[in-house]
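Everything on this sheet refers to the single structure shown next.
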Ligand code: NDP
Ligand code: 8X3
C-alpha cells in the first residue's frame with residue numbers, strides 16, 4: 010500500500026513495485042490521477058491494483074477505507090507512508106497558520122491514522138514492513154522551514170518509537186529521508202507558483218522520484234532478518250539541509 014501515489018515519489022514507488030511484481034493498493038486524494046496511473050501499470054506490468062481515493066487527514070475516512078478493503082487485499086505486507094506536503098516558506102512570525110494545520114494534519118496525523126489502521130493486521134500476521142518517507146528536514150531545521158521540519162522530525166521519532174514497540178514481532182520499520190527531489194513538492198509548497206518552484210532546483214542536479222523508489226524497493230526486498238532502519242539520501246550537489254552547490258547558467 011502506497012499513500013500519495015498520485016504524484017512524485019509515491020507514483021515512482023508504484024512503478025517500481027509494479028515492475029517487481031507486487032499487487033498494489035494506491036491511495037491519494039486525486040482519484041483521476043490514480044485511475045490513469047493504474048491504467049498504465051496494468052498495461053505495462055499486468056499489475057493487480059486496488060485504488061482508494063483518500064484524504065489521510067480525515068481519520069474516520071482512513072479507518073473506514075482500511076476497514077473496507079476487500080478481504081483478498083486486506084493482508085497488507087508493505088505500507089509506504091509517503092503522502093505528505095509542505096506549505097509556505099515564510100519566517101515563523103509571518104507564516105500562515107492554515108499552512109501549519111495542513112502540514113501537521115497530513116505529515117504527522119495522516120501518517121499516524123494510516124499506520125494505526127494497518128499495523129495491527131501486520132502484528133497479528135507477524136509479517137509486514139512500514140516504510141516512512143521522512144526528510145532531511147527532519148534532521149535539522151532550515152530557515153522558514155520550522156513547521157515542515159518539525160513535522161518530519163515527528164516522522165523520525167514516530168518511526169523510532171514504532172520500531173521499538175514492534176520489537177519481538179517480524180514487522181520491520183524503515184525511515185527514508187531524502188534531500189531535494191524534483192517532484193510537485195515545491196509547486197505545492199508555493200501554492201502553485203511554478204517559477205518559484207523551478208528555482209529551487211536551478212543550477213543543481215536534484216534527485217528524482219525514481220531515485221527514492223529504488224531505495225524503498227531496496228528496503229522492502231532485504232531478507233526478513235534485515236531491517237534498514239534509516240537512510241539519508243541527498244543529491245551529490247547537496248551537503249545538508251541548507252548547503253547546496255549551484256552552477257551558474259551557461
Ligand atoms: P508530490 O507533491 O509530488 O506528491 C505528494 C503526494 O502526497 C501526492 O500524491 C499527493 O496526492 C499526496 N498527498 C498530499 N496530501 C495528501 C492527503 N491529505 N491525503 C492523501 N494524499 C495526500 O511530492 P513528493 O513526491 O516530493 O512528496 C512525497 C513525500 O516525500 C512527502 O511526504 C514529502 O514531504 C516527502 N519528501 C519530499 C522531498 C522533495 O524534495 N520532493 C524530500 C524529502 C521528503 P493528492 O494531492 O492526490 O492527495
Ligand atoms: C523536502 C526537502 O529540503 O525541501 O523534504 O525540505 S526540503
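In our numbering, the protein residues as written are 10 to 259.
Even for Gly, the Cβ is constructed at its ideal location relative to N, Cα and C.
Since we're looking at a predicted model, the values are computed, not measured.
Taking the CA atoms as reference points, residue 31 sits about 18 Å from residue 141.
Residue 181 sits buried, since 16 or more C-beta atoms from the chains shown fall within 10 Å of its C-beta. According to DSSP, residue 62 shares a beta bridge with 37. Pairwise C-beta distances place the segment 137-155 in contact with the segment 218-233, as three or more of them are shorter than 8 Å.
Here the alpha carbons of residue 253 and residue 25 stand approximately 28 Å from one another. In this structure, the straight-line span from the alpha carbon of residue 123 to that of residue 19 is close to 15 Å.
Taking every residue with its beta carbon within less than 5 Å of a heavy atom belonging to the ligand 8X3 gives, in chain order, 144 and 146.
At least one heavy atom of the ligand NDP is found less than 7 Å from the C-beta of residue 193. Rounded to the nearest whole angstrom, the CA to CA distance from residue 110 to residue 157 is 10 Å. Residue burial is scored here from C-beta neighbours: residue 85 has at least 16 other C-beta atoms within 10 angstroms and is therefore classed as buried. Remark: the C-beta of residue 94 is in contact range of the ligand NDP, defined as less than 7 Å to any heavy atom. Ranked by Cα distance from residue 17, the first of 72, 92 and 115 is 92. Counting along the chain, residue 155 sits inside the alpha helix (DSSP H) bounded by residues 155-174. Residue 145 sits close to residue 188, with the two beta carbons spaced by under 8 Å. Taking residue 126 as the centre and dropping the five residues before and after it, the same chain places the C-beta of 71, 72 and 75 closer than 7 Å to its C-beta, in chain order.
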